[in-house]
Amino acid sequence: MDWLKRMNCALDYVENNLLSEIDMNVVAQMACCSSYNFQKMFSFITEISLVEYIRRRRLTLAAFEIQNSDVKIMDVALKYGYESPVSFTRAFQSLHGIVPSLAREGGVILKAYPRISFQISIKGESEMEYRIETKEAFDIFGIETIGSSISDERYQSPAQLWQKCHREGLYEKLFTDSGDLPSFMPQDLCKIHGAVNYRKTEDNTFPYILCCFIGNNSNTEGYIMEHIPAQTYAVFPSKRFKWDENIGAILTTLQKRFYSEWLPTSNYEKIDGAEFEIYGGTKVYGYIEIWYPVVRK
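Using our numbering, read the sequence shown as starting at 2 and increasing by one per residue.
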């Protein structure tokens with residue numbers, strides 16, 4: 002399958018470059034997608050970020066080398082990308098539970114993380130509801146942050162943006178300024194949604210916005226505005242839930258099943274473009290839809 006070949010080709014590149022700086026854009030190119038899409042797909046399928054996978058593979062090989070040679074610890078640290086013995090020792094101990102020098106003693110327990118390879122697993126646990134929709138162009142406005150796809154703490158995560166907006170009253174203000182829902186949208190939708198990857202940002206980053214659809218009486222002053230071109234989406238709805246349930250877990254389950262179950266076996270490819278978390282329902286029960294931009298293979 003082409004998808005499997007591309008993903009494994011990308012991991013071949015990672016494995017062959019563990020001793021040098023790995024360019025996330027090159028990794029993504031091997032898989033024929035953007036850096037953002039590849040890292041999202043990788044993390045949902047493997048339940049580990051690409052950055053953390055690379056870190057574990059390097060520390061696994063470093064442990065093998067220390068255990069089976071007389072090479073100086075400092076030289077091993079430099080070989081696997083660490084600038085000082087202190088940073089290497091901290092990372093090594095975090096993964097293996099001991100300092101590097103103890104790895105040469107007999108009987109010590111070390112952790113080995115083998116390389117990942119992608120295969121198709123037929124599960125059939127439960128059906129997935131989805132629909133393919135082509136939507137005309139529309140406009141959104143809202144409150145934006147820039148996130149990091151490599152866990153850079155200098156950037157704000159989408160969850161942190163939601164928390165900040167609730168804490169500082171920005172969510173309530175955006176709700177008031179939202180105006181009427183456009184007539185082409187289902188009228189049981191909430192006023193505020195989430196969108197990501199709707200424009201280009203710096204390498205290893207992505208834009209995320211708490212947004213409203215621009216309609217009658219919308220007050221857009223002081224907000225970020227974005228035009229969303231016409232696009233075909235694969236739409237994945239959740240089951241209805243109570244608003245006091247763990248919405249983050251529901252969202253993550255939808256995302257993971259899209260990447261790990263639907264996308265590898267469908268006749269569609271995910272492309273760059275705006276992705277949406279659409280919220281709807283009543284005061285008691287809600288639902289989520291995730292919209293992924295796709296094209297037919």
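Ideal placement from N, C-alpha and C gives every residue a C-beta, glycine not left out. Here the structure is a predicted model, which is why all the values come from computation and not from measurement.
Query	Result
Three-state class that DSSP yields for E173 in the structure shown	helix
Contact check, E16 vs R116, beta carbons under 7 Å	yes
Alpha-carbon to alpha-carbon, F242 and P294	25 Å
G249 - DSSP class collapsed to helix/strand/coil	helix
In DSSP terms, what F119 is bridged to	Answer by DSSP bridge pairing: none, since F119 is not bridged.
Closest residue to E278 among Y286, G287, V285, W292 (Cα-Cα distance)	W292
Short Cβ contact (7 Å threshold) for C191 with G249	no
When N38, Y37, S179, Q94 are compared against R57, the one with the closest alpha-carbon	Q94
First through last residue of the alpha helix (DSSP H) which encompasses L190	Here L190 belongs to no alpha helix (DSSP H), and DSSP marks it neither H nor E.
Buried versus exposed call for P101 [16 or more other C-beta atoms within 10 Å across all chains shown]	buried
Completely contained alpha helix (DSSP H) runs for the region 10-69, where each covers 4 or more residues	25-31, 36-47, 51-68
Neighbour-count burial assignment, E21, 16 or more Cβ in a 10 Å radius	Checking the sequence, you will find Ser at residue 21 rather than Glu. Exposed, since its Cβ has fewer than 16 Cβ neighbours within 10 Å.
Reference E203, options A275, R91, Y37, E173, closest by Cα	Y37
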